[in-house]
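Residue numbers (our numbering), protein chains in the order written: chain A, 5 to 375; chain E, 1185 to 1308.
Put into structure tokens, the structure is as follows:
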């Protein structure tokens, strides 16, 4: 898929009458004093690989996230999402989108509110383009599964309610230390590389109104220093995520390296359990994992902090602004300085900026609390 | 289908690399990848090694086994040990040449290799 796809897609959507789902201009962010997170859990039956979710959103809902938990052996994808204003996620794809190689996932991927699938469940943040309206009323989602037999899935919906889109949020952060690079909780505040990484996190996220507080350090077993499955889907990966302690926030796991059986190691710097990740502790999608061995412990070459920030960007709902395959994200202001954006698929020193629109997306993640 | 003009760009990524690449892309990227392997940062060099390997180019393994960066040495040893039996003396040589942090991985692979051999030996 080439970069000109995005304008073509916008044209397609405009012609098909979908522009009612967009605000005319970016909603104003407000310094809200109170942010409520309302969690609702629904159990549904997936029949012939399809489950339908219907729910009502009250006024003052600024954003919401869906976390689907299903059969560990199956894959799931939210293929349709319809608001009172129109279709935000569509199953159908154009011929050009289908030719992207994404198959049945092409329609949801190129939707106004991008949706991607995952193993054993899936997740979706709405809006993941801040121009999309989140209107009170009846909403409907279709969840597709690769398992055709009837089975039960659980959908947790987390709504962020406030007087307006928040200008600033605070996210509790738990950093889980396996002992990689000698990082342990008793000396975490003096560990130079860990300090450097945290300073980098702060410098990336504070300009868009995100503070990480409180920050806690948790020691976990050194058995997790080497993680074998980069998708965190095997028993070891799931056990690691189950160590998470931040009940409503963000769990970061610092390991030494990923060893997925390839001959060459150290080629993966980090991973988010999902886009968006789950703010509840011990869930399948609850956390990001970063590897110390990916880059050197030397300030000009150290990418630990940037990799952590990038994966947190995924956790909070952001996609790559530019994929290796040339796909662009669904956010309108990320191509202004693409070579400086934190969420570019390449990571280099200086790729550390987030845009105004990206900021509004991540502040809508349910991990965020009032500052 | 990955649209890549130069595979050398991939050395600055940090997510998983594709399992294979088109032969034409490999051909035009070999020289820049080898340059990165010589002079890049650790992550760039490791990813250059991985891309070259997936393009089925040979790597200067003997030289990389003596590299100043233990992570590069570890991956070079991994390639060198890939087809070696668990009792091959090369395993001990690898252990002796690496610091504890990387040596642990060698021990772990050797154990896996022994288990695999044991399973294969039990088959009728």
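Note that CB positions come from ideal geometry on N, CA and C, so glycine has one too.
Compare the beta carbon distance of residue 66(A) and residue 169(A) with 8 Å and say whether it is the shorter of the two.
-> As a working mapping, residue 66(A) is identified with position 62 in the first chain. As a working mapping, residue 169(A) is identified with position 165 in the first chain. In this structure, residue 169(A) lies closer than 8 Å to residue 66(A) by Cβ.
Residue 1228(E) to residue 275(A) span [Cα, whole Å] | For the purposes of this step, residue 1228(E) is identified with residue 44 of the second chain, where counting begins at 1. For the purposes of this step, residue 275(A) is identified with residue 271 of the first chain, where counting begins at 1. Near 18 Å, if we compare the C-alpha coordinates of residue 275(A) and residue 1228(E).
Taking residue 1258(E) as the query, report the chain A residues whose CB atoms sit under 7 Å from its CB, ordered along the chain.
-> Within the second chain, residue 1258(E) is the residue found at index 74, counting from 1. Neighbours of residue 1258(E) across chain A, judged by C-beta separation under 7 Å: 269.
Would residue 1246(E) count as contacting chain A if we go by Cβ distances under 8 Å?
-> Within the second chain, numbered from 1, the residue matching residue 1246(E) stands at position 62. Closer than 8 Å: no.
Spatial neighbours of residue 208(A) within its chain, please: CB distance less than 7 Å, with the 5 preceding and 5 following residues excluded, ordered by chain position.
-> Along the first chain, one-based indexing puts residue 208(A) at 204. Result list for residue 208(A): 313, 346, 356, 358, in chain order.
With a Cβ-Cβ cutoff of 8 Å, do residue 295(A) and residue 260(A) count as a contact?
-> The count along the first chain starts at 1 and reaches residue 295(A) at position 291. The count along the first chain starts at 1 and reaches residue 260(A) at position 256. Annotated as proximal: residue 295(A) and residue 260(A), with beta-carbon spacing under 8 Å.
Backbone CA spacing between residue 370(A) and residue 1270(E) [nearest angstrom] = Within the first chain, residue 370(A) is the residue found at index 366, counting from 1. Within the second chain, residue 1270(E) is the residue found at index 86, counting from 1. Residue 370(A) and residue 1270(E): Cα-Cα distance of roughly 50 Å.
For the stretch 133 to 148 of chain A and the stretch 203 to 217 of chain A, state whether three or more C-beta atom pairs, one from each stretch, are separated by less than 8 Å.
-> The stretch 203 to 217 of chain A and the stretch 133 to 148 of chain A do not touch, with fewer than three beta-carbon pairs separated by less than 8 Å.
Quick one, which residues of the stretch 1215 to 1228 of chain E are near chain A if we go by CB-CB under 8 Å, in chain order?
-> Residues of the stretch 1215 to 1228 of chain E that bring their beta carbon within less than 8 Å of a beta carbon in chain A comprise 1225, 1226, 1227, in sequence order.
In its own chain, which residues sit with a C-beta less than 6 Å from the C-beta of residue 101(A), not counting the 5 before and 5 after it?
-> Here residue 101(A) corresponds to residue number 97 of the first chain, with the count starting at 1. Excluding sequence neighbours, residue 101(A) sits near 110, 114.
So which residues on chain A does residue 1277(E) lean against when the C-beta distance must stay under 8 Å?
-> In the second chain, residue 1277(E) corresponds to position 93, counting from 1. What residue 1277(E) touches in chain A, judged by beta-carbon distance under 8 Å, is nothing: the nearest beta carbon there is about 17 Å away.
Cβ-Cβ separation, residue 40(A) to residue 174(A) (assumed contact under 8 Å), whole Å = For the purposes of this step, residue 174(A) is taken as the residue at position 170 of the first chain. For the purposes of this step, residue 40(A) is taken as the residue at position 36 of the first chain. Distance from residue 174(A) to residue 40(A) at the Cβ level is roughly 14 Å; contact not present, criterion being Cβ atoms closer than 8 Å.
Could you check the C-alpha separation between residue 277(A) and residue 373(A) for me, to the nearest Å?
-> Counting from one through the first chain, the residue named residue 277(A) turns up at place 273. Counting from one through the first chain, the residue named residue 373(A) turns up at place 369. So the alpha carbons of these two residues sit roughly 21 Å apart.
Could you please tell me which residues of the stretch 225 to 238 of chain A, in chain order, have their CB closer than 9 Å to any CB of chain E?
-> For the stretch 225 to 238 of chain A, residues whose beta-carbon sits nearer than 9 Å to a beta-carbon of chain E comprise 229, 230, 234, 235.
Can you say whether residue 52(A) is buried or exposed, counting buried as having 16 or more other CB atoms within 10 angstroms of its CB?
-> By 1-based counting over the first chain, the position of residue 52(A) is 48. So residue 52(A) counts as exposed.
Ignoring anything shorter than 3 residues or poking outside the stretch 93 to 157 of chain A, list the beta strand (DSSP E) runs there in chain order.
-> Given a length threshold of 3 residues, each whole run of the beta strand (DSSP E) inside the stretch 93 to 157 of chain A is given here in chain order: 125 to 130, 141 to 149.
So which residues on chain A does residue 1266(E) lean against when the C-beta distance must stay under 8 Å?
-> Residue mapping note: residue 1266(E) aligns to position 82 of the second chain, counting from 1. Chain-order list of chain A residues neighbouring residue 1266(E): 267, by C-beta distance under 8 Å.
Could you list the residues in the stretch 84 to 112 of chain A with a C-beta less than 9 Å from some C-beta on chain E, going in chain order?
-> From the stretch 84 to 112 of chain A, only 103, 104, 105 have a Cβ closer than 9 Å to chain E.
So, residue 233(A) versus residue 183(A), is the Cβ gap smaller than 8 Å?
-> Within the first chain, residue 233(A) is the residue found at index 229, counting from 1. Within the first chain, residue 183(A) is the residue found at index 179, counting from 1. No, the Cβ-Cβ distance between residue 233(A) and residue 183(A) is not below 8 Å.
Hey, how far is the Cα of residue 195(A) from the Cα of residue 1275(E)?
-> Within the first chain, numbered from 1, the residue matching residue 195(A) stands at position 191. Within the second chain, numbered from 1, the residue matching residue 1275(E) stands at position 91. Straight-line Cα distance between these residues: approximately 34 Å.
From what residue to what residue does the alpha helix (DSSP H) around residue 1276(E) run?
-> To locate residue 1276(E), count along the second chain from 1; it is residue 92. Segment 1274 to 1281, the alpha helix (DSSP H) holding residue 1276(E).
Classification of residue 48(A) by the beta-carbon crowding that lies within 10 angstroms, buried from 16 upward | Here the question's residue 48(A) lines up with position 44 in the first chain. Around the beta carbon of residue 48(A), a 10 Å sphere encloses 16 or more other beta carbons of the protein chains shown; the residue is thus reported as buried.
Identify whether residue 1243(E) lies in helix, strand or coil by the three-state DSSP scheme.
-> Position 59 of the second chain, counted from the start, is the residue given in the question as residue 1243(E). The answer is coil: DSSP assigns residue 1243(E) none of H, G, I, E or B.
Burial state of residue 1298(E) (16 or more Cβ within 10 Å) = Your numbering for residue 1298(E) matches position 114 in the second chain. It is exposed - the Cβ of residue 1298(E) has fewer than 16 other Cβ atoms within 10 Å.
Boundaries of the alpha helix (DSSP H) in which residue 310(A) is found, first to last residue | Position 306 of the first chain, counting from 1, holds the residue named residue 310(A). 308 to 319 is the span of the alpha helix (DSSP H), which, as asked, contains residue 310(A).
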